[in-house]
Structure formats: structure tokens, C-alpha cells
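Its first residue numbered -3, the sequence shown is counted upward by one per residue in this note's numbering.
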Amino acid sequence: MSYEIFIDESGTLADPKDRFVVVAAVASQDPSVLIKLIPKAHKRIPPKKKLKKERLISEFKFRNVGDKTKERILKEICKAEVALFVVICDKENRKISDDPKNYAILVWPVVKECFKKLVEIKRIVIDRHFNQPAKQKEFNEEIFRLARRKFSIVHVDSLSDSRVDLADFVAGSVLRAVRNHDGHFKQIIMRRIVVEKQHIWRKLKSGKT
């Protein structure tokens, strides 16, 4: 069976305060089962006063939910038949232009690892980083250039497809481990991580990885 790949990142290219950016991919041969994971976690939040604000959050991201919800979602990811791919980019506290070409250079290493490990990939679904179709096309073309082939890339609004938010939770847990030296959340998903690599931005940019 072919895989669908869901990709998102944690951290930002443009902010020099963010030394690290983590890109994560969640690969599944049965992506339909992933649709329910975050809505299920949302429904399980008890209607207690201190959790009332969390119940009102329209979109769950690693950064905007409490620790118990983080744990619940990461455990659900781990229960699913998924393969996780993680690439950590060390920016060395540089301010990097967040344009389609640079974003493609950031994302490409995790895409490359997916192609190395998975037999067949049906499509890649990525959290919509750029709203303008022209910038999405520019991103796609740069990925195709790096890959030396074309394949299906879909840019989605995570509000309409929460599966890309699963990649956000994976990326967020790894970023927490790298940046804050807190591996608690990453440990929950460790057995599902197929590939984890770290690169320096300068080398990614120069194509030396």
C-alpha cells in the first residue's frame, strides 16, 4: 500500500531567537484513521473551569494546549500505524528569510528521508505555509528541483485537515527536547520515530548534506 505524508514544522526561520526549527512528517498507509485523533482528544477534555479555555480552542497546536492534552494526542499518534520522520535544523540563531525557496530547503530533508524509507508515496500533504498560490507553486518547484522528480504536493489549511497538526505535535515535542532539554513528550513517540537527523542551516542552504 502507498503512504500519505503529513508535514508541519515547529519553530520559525525568520526569528533569530529560534535557534532550532524542527520539521516532522507523519506517514500512514491508512490516513483516514488519523482524521479522528485530534477531534477525539478535543472531546475528551473535561468541562472543568480551569480547562474551559482549552475546550474553546478552535485548532489544537502543541504550543497552545496543556500537558495532559499534549500527552493524550501523542499517545494516540503512537497507537496509530504511523512512521514518524524528524529533521532538526540548527539555524545558529540566524535570521533567515521565510520565502518559498528557503522553506523548501528546510522541508526537503524530511521529504528525502520519507522517499528513502517508504516503498510508495501517494501524496505529500503540508500545512499551508503560504496563502498565495504563486508562492505555493514556487515552493513545489524548488522541492521538485531538489528531488529531481515530480510528485503530488497538497497545501492544506490545518483547520480543515487536522492531520497536519499531528505533525505539529511531533515537531513540537522534539523541539521541546532540543531547545528546553525536556524529553518527556518526545519519549512518548520514540518507538514510532523511523528517522531523526540534525543539520546545520548553512549546509542545507549550500546543498552539502
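Virtual Cβ for every residue (Gly too), placed ideally from N, Cα, C. As the structure is a prediction and not an experimental result, all values here were calculated from the model.
In whole angstroms, what separates the C-alpha of residue i from that of residue j?
i, j, result
"Asp178", "Leu171", "9 Å"
"Lys193", "Arg40", "34 Å"
"Arg188", "Met(-3)", "19 Å"
"Gln128", "Asn98", "16 Å"
"Pro105", "Ala37", "30 Å"
"Ile3", "Cys85", "15 Å"
"Lys204", "Thr8", "22 Å"
"Glu55", "His125", "16 Å"
"Glu134", "Asp94", "13 Å"
"Arg15", "Ile92", "11 Å"
"Val82", "Lys49", "31 Å"
"Lys13", "Arg90", "8 Å"
"Arg123", "Asp11", "As written in the sequence, residue 123 is Asp, which differs from the Arg given in the question. Roughly 19 Å between the two C-alpha positions."
"His180", "Ala173", "8 Å"
"Val103", "Lys182", "20 Å"
"Leu60", "Ile120", "Checking the sequence, you will find Asn at residue 60 rather than Leu. Cα-Cα distance, rounded: 25 Å."
"Glu138", "Pro27", "26 Å"
"Asp161", "Leu155", "9 Å"
"Ile149", "Lys57", "22 Å"
"Lys146", "Lys108", "13 Å"
Is residue j closer than 8 Å to residue i when the C-beta atoms are compared?
i, j, result
"Cys110", "Ile101", "no"
"Ala21", "Ala163", "yes"
"Leu33", "Ser24", "no"
"Ile1", "Ile73", "no"
"Val209", "Leu80", "Outside the shown range of the chain, which is -3 to 205, sits residue 209, and nothing can be said about it."
"Lys75", "Val191", "no"
The ligand FMN and residue i: does any heavy atom of the ligand fall closer than 7 Å to the residue's C-beta?
i, result
"Val152", "No copy of the ligand FMN occurs in the structure displayed, which carries no ligand at all."
Who are residue i's beta bridge partners in DSSP?
i, result
"Ile85", "Note that residue 85 is Cys in the sequence shown here, rather than Ile. DSSP lists Val17 and His195 as partners of Cys85."
"Lys5", "Sequence inspection shows Glu at residue 5; the Lys mentioned does not correspond to that position. Glu5 pairs with Val19."
"Tyr99", "According to DSSP, which records beta bridges pairwise, Tyr99 is partnered with nothing at all."
"Glu0", "Ser24 and Arg119"
"Ile189", "Leu80"
"Val152", "Asp123"
Count the other C-beta atoms from every protein chain shown that fall within 10 angstroms of the C-beta of residue i, then say buried if there are 16 or more, exposed otherwise.
i, result
"Lys87", "buried"
"Lys5", "Note that residue 5 corresponds to Glu in the displayed sequence, not to Lys. Counting Cβ neighbours within 10 Å, Glu5 comes out buried, since at least 16 surround it."
"Asp153", "exposed"
"Glu77", "exposed"
"Arg141", "exposed"
"Arg144", "exposed"
"Ser169", "buried"
"Ile136", "In the sequence as presented, Ile is not what sits at residue 136; that position holds Asn. The residue is buried, with at least 16 neighbouring Cβ atoms inside 10 Å."
"Pro35", "exposed"
"Ser202", "exposed"
"Val115", "exposed"
At least 3 beta-carbon pairs within less than 8 Å: the stretch 60 to 75 vs the stretch 197 to 204:
no
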